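Q: All residue numbers for the sequence shown refer to full-length UniProt numbering, where the first residue is 1 and numbers rise by one. Note that beta-carbon positions come from the ideal geometry of N, C-alpha and C, so glycine has one too. For clarity, every value in this text was computed on a predicted model and none was experimentally measured. My questions all concern the structure below.
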Amino acid sequence: MEQNSRDLSSQFSLLDQLCVKINGLKEGQDLCTSLHKRLARVHEPEIARSQLHAVIHDFEDTVTEHANSNFLDRVLNADKFVEKVKIYNERLDTIITRLSVNRAVLLAEWHHQFQQDADNMASRFTTMDKLHEQDEAWDTVERKSRKKKFEDMVQVKSQKLLDHYASCDLENLLPRLAEMEETQGMCRKVRDRLQKLNVDKNDAALRRDVAETRMRFHTFLNKYTQRTPFERLVSTRTIVGLLRDFHVAIDLLETQISGETRNSQQSWVDQWEQDKQEVDTRLIELWTTKAVSILDALPDQQAPENALLLLTRETTANWDAYSAESMELLDAVKQSIIRQSAVSVPVVPGWFIPDYEVQREQCYFASGSFGKVYRGSWRNEKVVIKCVNVVSARGERDFSREARIWGRAKHQNIVKFFGACHLTHPCFFVCEEATKGNLAEFLWSLNGSDRALMWRLLRDAALGLKFLHDNCIIHGDLKCNQILVCEDSAGKKTAKLTDFGLSFVSMESRPATTSGAVRWKAPELLTSEGKAPTCYSDVYSFVEPNIAVVYHLTHGTFLSRPTAFVNDDHWEFVKSLCSFEPSERLGLASVIERMERFILQEQPGAVVAQDTSTPDMPDWFIHPDEVQRDPMPFAGNGSLGMVYRGMHRGEKVIIKCLNVVNEIDEKNFARQAQIWAPIKHSNIVELRGGCHITRPCFFVHEETTHGNLADFLSKNKRSNRALTWRLLRDAAMGLQFLHQKGTIHGDLKCTRILVSQDLTAKLTDIGMSYIEGEFNPVDKGTVRWKAPELLRNEGNCPTVASDLYSFGVCVVEAVSGSVSWQDDQQTIGIDYHLNQRKFTKRPAAFVSNDQWEFVWSMCSVDPTERLGLDAAIRQIEQFVLDES
Numbered sequence: 001m002e003q004n005s006r007d008l009s010s011q012f013s014l015l016d017q018l019c020v021k022i023n024g025l026k027e028g029q030d031l032c033t034s035l036h037k038r039l040a041r042v043h044e045p046e047i048a049r050s051q052l053h054a055v056i057h058d059f060e061d062t063v064t065e066h067a068n069s070n071f072l073d074r075v076l077n078a079d080k081f082v083e084k085v086k087i088y089n090e091r092l093d094t095i096i097t098r099l100s101v102n103r104a105v106l107l108a109e110w111h112h113q114f115q116q117d118a119d120n121m122a123s124r125f126t127t128m129d130k131l132h133e134q135d136e137a138w139d140t141v142e143r144k145s146r147k148k149k150f151e152d153m154v155q156v157k158s159q160k161l162l163d164h165y166a167s168c169d170l171e172n173l174l175p176r177l178a179e180m181e182e183t184q185g186m187c188r189k190v191r192d193r194l195q196k197l198n199v200d201k202n203d204a205a206l207r208r209d210v211a212e213t214r215m216r217f218h219t220f221l222n223k224y225t226q227r228t229p230f231e232r233l234v235s236t237r238t239i240v241g242l243l244r245d246f247h248v249a250i251d252l253l254e255t256q257i258s259g260e261t262r263n264s265q266q267s268w269v270d271q272w273e274q275d276k277q278e279v280d281t282r283l284i285e286l287w288t289t290k291a292v293s294i295l296d297a298l299p300d301q302q303a304p305e306n307a308l309l310l311l312t313r314e315t316t317a318n319w320d321a322y323s324a325e326s327m328e329l330l331d332a333v334k335q336s337i338i339r340q341s342a343v344s345v346p347v348v349p350g351w352f353i354p355d356y357e358v359q360r361e362q363c364y365f366a367s368g369s370f371g372k373v374y375r376g377s378w379r380n381e382k383v384v385i386k387c388v389n390v391v392s393a394r395g396e397r398d399f400s401r402e403a404r405i406w407g408r409a410k411h412q413n414i415v416k417f418f419g420a421c422h423l424t425h426p427c428f429f430v431c432e433e434a435t436k437g438n439l440a441e442f443l444w445s446l447n448g449s450d451r452a453l454m455w456r457l458l459r460d461a462a463l464g465l466k467f468l469h470d471n472c473i474i475h476g477d478l479k480c481n482q483i484l485v486c487e488d489s490a491g492k493k494t495a496k497l498t499d500f501g502l503s504f505v506s507m508e509s510r511p512a513t514t515s516g517a518v519r520w521k522a523p524e525l526l527t528s529e530g531k532a533p534t535c536y537s538d539v540y541s542f543v544e545p546n547i548a549v550v551y552h553l554t555h556g557t558f559l560s561r562p563t564a565f566v567n568d569d570h571w572e573f574v575k576s577l578c579s580f581e582p583s584e585r586l587g588l589a590s591v592i593e594r595m596e597r598f599i600l601q602e603q604p605g606a607v608v609a610q611d612t613s614t615p616d617m618p619d620w621f622i623h624p625d626e627v628q629r630d631p632m633p634f635a636g637n638g639s640l641g642m643v644y645r646g647m648h649r650g651e652k653v654i655i656k657c658l659n660v661v662n663e664i665d666e667k668n669f670a671r672q673a674q675i676w677a678p679i680k681h682s683n684i685v686e687l688r689g690g691c692h693i694t695r696p697c698f699f700v701h702e703e704t705t706h707g708n709l710a711d712f713l714s715k716n717k718r719s720n721r722a723l724t725w726r727l728l729r730d731a732a733m734g735l736q737f738l739h740q741k742g743t744i745h746g747d748l749k750c751t752r753i754l755v756s757q758d759l760t761a762k763l764t765d766i767g768m769s770y771i772e773g774e775f776n777p778v779d780k781g782t783v784r785w786k787a788p789e790l791l792r793n794e795g796n797c798p799t800v801a802s803d804l805y806s807f808g809v810c811v812v813e814a815v816s817g818s819v820s821w822q823d824d825q826q827t828i829g830i831d832y833h834l835n836q837r838k839f840t841k842r843p844a845a846f847v848s849n850d851q852w853e854f855v856w857s858m859c860s861v862d863p864t865e866r867l868g869l870d871a872a873i874r875q876i877e878q879f880v881l882d883e884s
């Protein structure tokens with residue numbers, strides 16, 4: 001009791017000291033006072049005592065640092081300060097949930113008041129009213145952009161690690177190898193080969209390569225020996241793949257050291273398949289003898305559901321990498337978890353990547369209040385891994401929202417998003433690596449030497465922002481360090497938007513907090529309580545005004561003109577983006593057009609007249625110079641056109657060339673592009689654009705590595721029925737989206753459903769579709785997929801109902817491997833529908849009555865009786881679960 005009293009007294013003493021410091025703050029006083037009051041109401045020191053004191057101490061350090069900063073640093077770091085206070089509130093929420101009483105009262109909604117206090121803090125900065133402080137602010141921003149102390153520190157730390165691994169003895173890894181119970185033999189062979197690598201001390205480059213490989217192997221063992229037996233079971237495919245990659249890397253090192261191929265290289269290759277079989281045997285043996293202990297080792301109450309999610313994702317996404325025996329083992333594990341825990345199989349988010357598939361470097365290269373950022377690899381591709389501190393249920397929802405939004409934002413000027421993991425602590429995102437850093441740093445490195453490149457990168461960022469707005473996504477927190485610069489193999493630089501933590505879909509609820517970075521926020525967001533970000537405020541944030549908000553709020557005027565803006569047009573352009581009145585800001589289409597002109601003006605020797613205008617080109621137009629295609633096609637028909645693989649703006653794409661021979665063909669081509677290009681959905685192949693001014697004309701769309709659905713299922717012998725139904729569900733969701741947009745596909749079949757690298761089905765050839773109520777038959781399709789009402793009267797327009805029928809035929813083709821009738825038996829199909837009013841005979845592959853009844857409901861002769869897509873998708877979801 002006496003100890004508790006001392007603890008309580010210590011807590012109140014800390015809070016009293018903190019109160020004095022808060023009262024001395026010039027800005028953010030309300031923000032901190034609200035948190036102080038929440039901390040003071042927690043009176044149970046024996047519960048989570050150390051955690052509560054840690055929050056108070058951290059909060060005090062943050063307040064002290066802010067109070068001791070000069071005005072300019074407080075302005076420039078205001079967003080970080082607000083974010084830290086938010087995190088302390090969330091940490092307090094976590095502590096309160098462990099209390100025995102008053103939880104409901106103490107957990108009362110604080111987010112609305114927090115937002116109001118954050119906005120009040122921004123308004124306090126309006127006390128700055130001296131002109132010279134503007135120039136000082138610009139200078140401060142420039143000085144900060146030059147600082148690279150943190151990166152230098154990381155480089156030194158990395159070098160010390162490499163020096164250690166270049167000469168260390170790998171005997172100390174033997175205890176780790178013993179912990180890799182399932183793959184111990186494979187791991188030992190890699191370790192033995194690494195131990196035998198002897199490099200000349202004078203060969204610094206090769207010595208570094210050996211050290212890096214040894215360090216990666218050590219990191220690999222550290223990661224997977226810390227996993228539970230279940231986690232290693234579900235990640236065995238990844239572990240085996242990584243061990244094979246180590247062997248390949250050692251092969252290369254041995255060749256560089258000796259100048260010739262060694263016997264050890266052929267030895268491991270000859271033994272590899274046998275080693276894999278031994279791993280399978282060992283896994284089955286371990287599960288048979290230790291099933292109960294493996295499941296008992298699951299760490300917490302949420303673990304069974306998370307374990308099912310991992311198993312479902314692994315067996316669905318990578319089913320073709322497993323033997324039949326291994327698939328049976330994983331299914332047995334899944335059924336045991338279901339029986340033991342009584343939880344249902346969860347739906348796997350489309351963006352989910354399990355932690356075991358991602359390899360990250362030991363040293364992080366960036367950090368902040370959100371967490372840390374690492375370089376690493378995923379599926380043999382270099383990536384960036386952004387680890388995020390999530391400490392509350394609200395934080396988990398925000399994390400999932402960001403993953404969902406980022407996952408649907410697929411564009412050449414958006415940082416490519418590979419996926420995310422919400423099961424680990426910290427959670428993390430995986431995205432492409434931007435080799436040239438953020439836009440502010442990159443432009444500073446140019447030192448004004450290439451203004452045309454500067455405007456082109458800004459144009460890229462505007463294109464990315466326009467894509468978001470076209471898809472009803474508000475970024476909400478745009479600033480220069482969230483615009484990254486990538487470089488492709490040809491040296492071309494491209495700017496891409498990133499960081500969607502405060503983004504939201506305009507038709508949906510916005511995130512709980514929209515505080516963001518104060519100095520980039522539009523004035524209407526600081527002067528209107530609770531106002532949500534909009535397209536207008538995104539346009540404002542597109543320019544880096546730094547502390548322009550101060551003058552907006554006090555005078556309704558913008559900052560004085562920096563000396564770098566020597567061109568009047570450029571400065572007027574900036575002012576038009578940052579107008580105090582949102583409706584007066586320049587639209588993004590006009591922004592992009594102006595920037596294109598600035599790019600031309602800044603080209604060496606360019607002379608651009610003030611009244612020069614360019615012919616209007618459609619939004620989907622791609623200039624032929626932007627596309628590089630392979631020399632040989634991989635598909636196509638000589639009379640209609642050919643299909644090539646190629647590159648567009650550093651990304652792999654498909655280039656579909658079409659033979660356009662007359663004006664009607666050209667109009668149809670343009671109409672197809674006009675329909676397809678604006679349609680953005682995860683289950684519709686993304687059309688990047690096209691070109692109608694060359695012959696042949698061509699479309700450019702995203703690459704789908706697994707080809708069309710018919711070929712994909714045929715190659716894989718339809719061995720995974722759950723995957724078949726999941727791909728059909730994807731196609732149904734794409735078709736549903738088309739119908740919601742008032743677009744009819746009109747020519748749906750399995751060859752027009754493509755399968756992407758991550759095994760997602762996507763509809764293609766949308767331009768052959770029909771806008772509802774119009775009829776312009778670019779392609780009449782094939783009889784065997786046509787609805788009977790279209791066969792009775794060729795003048796009938798395709799409809800939603802006829803698309804439903806075609807989808808039903810696709811289901812038959814996907815599940816059974818054949819369509820309802822062949823081309824040489826078209827009259828039989830017509831006879832079935834028009835005369836006997838019957839559908840095709842039931843294929844043997846439809847062993848389930850429910851599944852065949854589903855096909856009948858989609859392919860009813862009466863269009864009004866066909867099952868709608870909402871119900872169809874729900875039914876297919878059930879089939880996926882039934883077949884899992």
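Return helix, strand or coil for E212, following the three-state DSSP convention.
A: Locating residue 212 in the sequence shown gives position 212, where the first residue counts as 1. DSSP places E212 in helix when its eight states are reduced to three.
Q: Are the region 403-423 and the region 442-457 touching by the rule of at least three beta carbon pairs closer than 8 angstroms?
A: The region 403-423, when compared against the region 442-457, does not touch it at the 8 angstroms Cβ threshold.
Q: Assuming T315 is part of the beta strand (DSSP E), what are its boundary residues?
A: Here residue 315 corresponds to residue number 315 of the sequence shown, with the count starting at 1. Note, T315: premise wrong, no beta strand (DSSP E); alpha helix (DSSP H) at 303-317.
Q: DSSP state of L15, grouped into three classes?
A: Against the sequence shown, residue 15 aligns to sequence position 15. Residue state, collapsed to three classes: helix.
Q: Would you list the one or two residues that DSSP bridges to C431?
A: Mapped onto the sequence shown, residue 431 falls at position 431. Beta-bridge pairing links C431 to V384, F417.
Q: Helix, strand or coil: which one does DSSP assign to Q412?
A: As a first step, residue 412 is located in the sequence shown; it is residue number 412 there, counting from the start. DSSP places Q412 in coil when its eight states are reduced to three.
Q: Measuring CB to CB, does R176 end up less than 8 angstroms from T225?
A: For this step, residue 176 is matched to residue 176 along the sequence shown. For this step, residue 225 is matched to residue 225 along the sequence shown. With respect to the 8 angstroms criterion, R176 and T225 are classified as neighbours on the basis of their beta carbons.
Q: Just the Cα atoms here: how many angstroms apart are R459 and L446?
A: By one-based count along the sequence shown, residue 459 stands at place 459. By one-based count along the sequence shown, residue 446 stands at place 446. If I take the Cα positions, the gap works out to 17 angstroms.
Q: On the DSSP letters alone, give me the boundaries of the alpha helix (DSSP H) that K629 sits inside.
A: For the purposes of this step, residue 629 is taken as the residue at position 629 of the sequence shown. Note that residue 629 corresponds to Arg in the displayed sequence, not to Lys. Looking at the DSSP string, R629 is not in any alpha helix (DSSP H); the run it does join, the beta strand (DSSP E), is 627-629.
Q: Using the Cβ count rule (16 or more neighbours within 10 Å means buried), how would you classify Q740?
A: For this step, residue 740 is matched to residue 740 along the sequence shown. Exposed, since its Cβ has fewer than 16 Cβ neighbours within 10 Å.
Q: Quick check: what's the CA-CA separation for E432 versus V383?
A: Mapped onto the sequence shown, residue 432 falls at position 432. Mapped onto the sequence shown, residue 383 falls at position 383. Per the coordinates, the alpha-carbon of E432 lies some 5 angstroms from the alpha-carbon of V383.
Q: Under a three-way DSSP split, which group does Y364 fall into?
A: Within the sequence shown, residue 364 is the residue found at index 364, counting from 1. In this structure, Y364 counts as coil in the three-state DSSP scheme.
Q: Suppose the cutoff is 6 angstroms on Cβ atoms and the five residues either side in sequence are ignored; what does the same chain contact list for P843 look like?
A: As a first step, residue 843 must be located in the sequence shown, where it is residue number 843. Here the set comprises S816.
Q: For S757, I'd like the list of residues in its chain whose CB is within less than 6 angstroms of its CB, leaving aside the five on either flank, ordered along the chain.
A: Along the sequence shown, one-based indexing puts residue 757 at 757. As written in the sequence, residue 757 is Gln, which differs from the Ser given in the question. Exclusion of the five residues before and after Q757 leaves T705 as the residues of its chain whose Cβ lies within less than 6 angstroms of its Cβ.
Q: CB L308 to CB V345, shorter than 8 angstroms?
A: Against the sequence shown, residue 308 aligns to sequence position 308. Against the sequence shown, residue 345 aligns to sequence position 345. The answer is yes: Cβ separation under 8 angstroms.
Q: Ordered along the chain, which non-local residues of its own chain (more than five positions away) have a Cβ less than 6 angstroms from that of N720?
A: Here the question's residue 720 lines up with position 720 in the sequence shown. Same-chain partners within the cutoff: W319.
Q: Would DSSP call F846 helix, strand or coil?
A: Stepping through the sequence shown from its first residue, residue 846 is reached at position 846. Coil.
Q: Specify the secondary structure class of I830 as computed by DSSP and reduced to three states.
A: Here residue 830 refers to the residue found at position 830 of the sequence shown. In this prediction, I830 scores a pLDDT of 48, lower than 50, which makes its location untrustworthy; the coordinate-derived value is nonetheless stated afterwards. In this structure, I830 counts as helix in the three-state DSSP scheme.
Q: Taking the alpha-carbon positions, what's the R629 to N77 distance?
A: On the sequence shown, position 629 is the one that residue 629 refers to. On the sequence shown, position 77 is the one that residue 77 refers to. Answer to the nearest angstrom: the Cα atoms are 47 angstroms apart.
Q: Going by beta carbon distance, what residues of the same chain come within less than 8 angstroms of S34, once the five residues before and after it are set aside?
A: Position 34 of the sequence shown, counted from the start, is the residue given in the question as residue 34. Answer for S34: W110, Q113, F114, D117, listed in chain order.
Q: Can you tell me which of the three DSSP states C797 falls into?
A: Stepping through the sequence shown from its first residue, residue 797 is reached at position 797. Of the three classes helix, strand and coil, the one that applies to C797 here is coil, per DSSP.
Q: Could you have a look at M454 and say whether DSSP puts it in helix, strand or coil?
A: As a working mapping, residue 454 is identified with position 454 in the sequence shown. Residue state, collapsed to three classes: helix.
Q: When DSSP labels each residue in this structure, what does T743 get in the three-state scheme?
A: In the sequence shown, residue 743 corresponds to position 743, counting from 1. T743 falls in the strand class under three-state DSSP.
Q: Would you mind sorting E357 into buried or exposed? The rule is 16 or more other CB atoms within 10 Å of its CB.
A: By one-based count along the sequence shown, residue 357 stands at place 357. Around the C-beta of E357, 16 or more other C-beta atoms lie within 10 Å, and the residue is accordingly described as buried.
Q: As a quick exercise: from Q875, F807, W455, A814, pick the residue whose alpha carbon is nearest that of C859.
A: Taking the sequence shown and counting its residues from 1, one reaches residue 859 at position 859. From the listed residues Q875, F807, W455, A814, the smallest Cα separation to C859 is found for F807.
Q: Using C-beta distances below 6 angstroms, list every residue in its chain close to I284, excluding the 5 sequence neighbours before and after it, in chain order.
A: Taking the first residue of the sequence shown as 1, we reach residue 284 at position 284. Result list for I284: L329, in chain order.
Q: What are the boundary residues of the alpha helix (DSSP H) that Y88 is part of?
A: Residue 88 sits at position 88 when you count from the first residue of the sequence shown. 78-96 is the span of the alpha helix (DSSP H), which, as asked, contains Y88.
Q: With DSSP as the reference, label Q736 as helix, strand or coil.
A: By 1-based counting over the sequence shown, the position of residue 736 is 736. Residue state, collapsed to three classes: helix.
Q: Do you know whose CA, among H648, N659, L763, P229, lies nearest G707's CA?
A: Against the sequence shown, residue 707 aligns to sequence position 707. When only C-alpha atoms are compared, the closest one is L763.
Q: If you compare alpha carbons, which of L804, S326, P229 is closest to V292?
A: The count along the sequence shown starts at 1 and reaches residue 292 at position 292. Among L804, S326, P229, the Cα nearest to that of V292 belongs to P229.
Q: On the three-state DSSP scale, how would you describe Y224?
A: Translated into positions along the sequence shown, residue 224 becomes position 224. Helix.
Q: Evaluate contact between the region 746-755 and the region 799-814, counting only Cβ atoms and requiring at least three cross-stretch pairs below 8 angstroms.
A: yes
Q: Measuring straight from C-alpha to C-alpha, what distance separates V63 and M215?
A: The sequence position of residue 63 within the sequence shown is 63, counting from 1. The sequence position of residue 215 within the sequence shown is 215, counting from 1. Cα-Cα distance, rounded: 40 angstroms.
Q: From A732 to Q878, what does the alpha carbon distance come to, in whole angstroms?
A: The residue you call residue 732 lines up with position 732 of the sequence shown. The residue you call residue 878 lines up with position 878 of the sequence shown. Distance between the alpha carbons of A732 and Q878 is about 14 angstroms.
Q: Put V755 into one of helix, strand or coil per three-state DSSP.
A: Here residue 755 refers to the residue found at position 755 when the sequence shown is read from its first residue. DSSP places V755 in strand when its eight states are reduced to three.
Q: Taking 8 angstroms as the threshold, find out whether the region 390-410 comes into contact with the region 250-261 through three or more Cβ pairs.
A: As far as the Cβ criterion goes, the region 390-410 does not touch the region 250-261, which means the pair count is below three.
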